[in-house]
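All you need for the working numbering is the position in the sequence shown, starting with 1, plus 194. Shown next, in structure tokens, is the structure this report addresses.
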Amino acid sequence: MSDSEVDIVELRSKYVLKTVPFDARFPNQNQTRNCFQNYTDYFKCVKAKGEDFAPCQQFLQAYKALCPNGWTEKWDAQRESGTFPASLEP
Numbered sequence: 195m196s197d198s199e200v201d202i203v204e205l206r207s208k209y210v211l212k213t214v215p216f217d218a219r220f221p222n223q224n225q226t227r228n229c230f231q232n233y234t235d236y237f238k239c240v241k242a243k244g245e246d247f248a249p250c251q252q253f254l255q256a257y258k259a260l261c262p263n264g265w266t267e268k269w270d271a272q273r274e275s276g277t278f279p280a281s282l283e284p
């Protein structure tokens, strides 16, 4: 094996690429609502159970994989200013 092939094999063993699993609530290709729902579910979960509650991480990973950074930055700013358009109460 060449050095580059060895590097690729090492990287594949070190990193596992995953995507968000299928969610039956959002069967269509447009994942905008899925993104928003996972974003709100994460912050509801954190508010109810705390950041250290492991199941909340599922929502975090999903919204980070689905949502464009610009959207989450805007929503973060809205949450901080109290103008977020959805309830984040558990």
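No residue lacks a Cβ here, since even glycine has one placed at the ideal position from N, Cα and C.
Problem - DSSP-derived helix/strand/coil call for Ser207 - result: Looking at Ser207 - three-state DSSP - the assignment turns out to be helix.
Handout entry: Residues of its chain near Phe247, where Cβ-Cβ distance is below 7 angstroms and the 5 sequence neighbours each way are ignored
Key = Sequence-distant partners of Phe247 (beyond 5 residues in either direction) whose C-beta falls short of 7 angstroms from its own C-beta, in its chain, are Cys239.
Problem - Simplified DSSP state of Lys268, which is helix, strand or coil - result: Residue state, collapsed to three classes: helix.
Problem - Inter-residue Cα distance where the pair is Phe230 and Ala218 - result: The straight-line gap from Cα to Cα measures roughly 15 angstroms.
Handout entry: Simplified DSSP assignment, three categories, for Leu282
Key = Note: Leu282 maps to coil in three-state DSSP.
Problem - Tyr236 beta carbon less than 8 angstroms from that of Trp269 - result: Using a Cβ distance threshold of 8 angstroms, Trp269 and Tyr236 do not count as a contacting pair.
Problem - C-alpha distance - Val203 paired with Phe253, whole-angstrom precision - result: Going from the Cα of Val203 to the Cα of Phe253 covers about 30 angstroms.
Exercise for the section: Could you please give the first and the last residue of the uninterrupted alpha helix (DSSP H) stretch that includes Asp235? Expected result: Here the alpha helix (DSSP H) through Asp235 covers Thr226 to Lys243.
Problem - Beta-carbon contacts of Ala259 that lie in its chain and below 7 angstroms, excluding the five residues immediately before and after - result: A distance below 7 angstroms between beta-carbons, with the five flanking residues on each side excluded, links Ala259 to the following residues of its chain, in chain order: Thr213 and Val214.
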